[in-house]
Amino acid sequence: MLAINKKEWLSLPRNAQQEVYDFFLFIKQRYMNKSFEIDTDTAETLAFSNHSANNIEDWLDEKEDDVWK
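Be aware that the sequence shown starts at 16, since it is given in my numbering, and climbs by one per residue.
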């Protein structure tokens, strides 16, 4: 297994660290067990908002939809 050493990780700017983490979450979701079914809204949100994957519950909240209307 490959690993990123701590010194290399800390040399990245904080926003780059967040991007790497978000990409990890995106890939993790992509390769999850195929028997796990998620609704279309959740799948689209995960695919198109990986930059804010930590806030997925907020993105799926109906109040968020009202903001964008």
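Even for Gly, the Cβ is constructed at its ideal location relative to N, Cα and C.
In this structure, W24 places its C-beta atom within 8 Å of the C-beta atom of Q32.
For Y46, the three-state secondary structure derived from DSSP is coil. For L27, no alpha helix (DSSP H) encloses it, and the DSSP letter there is neither H nor E. One Cα belongs to K22, the other to Q44, and the distance between them is close to 27 Å.
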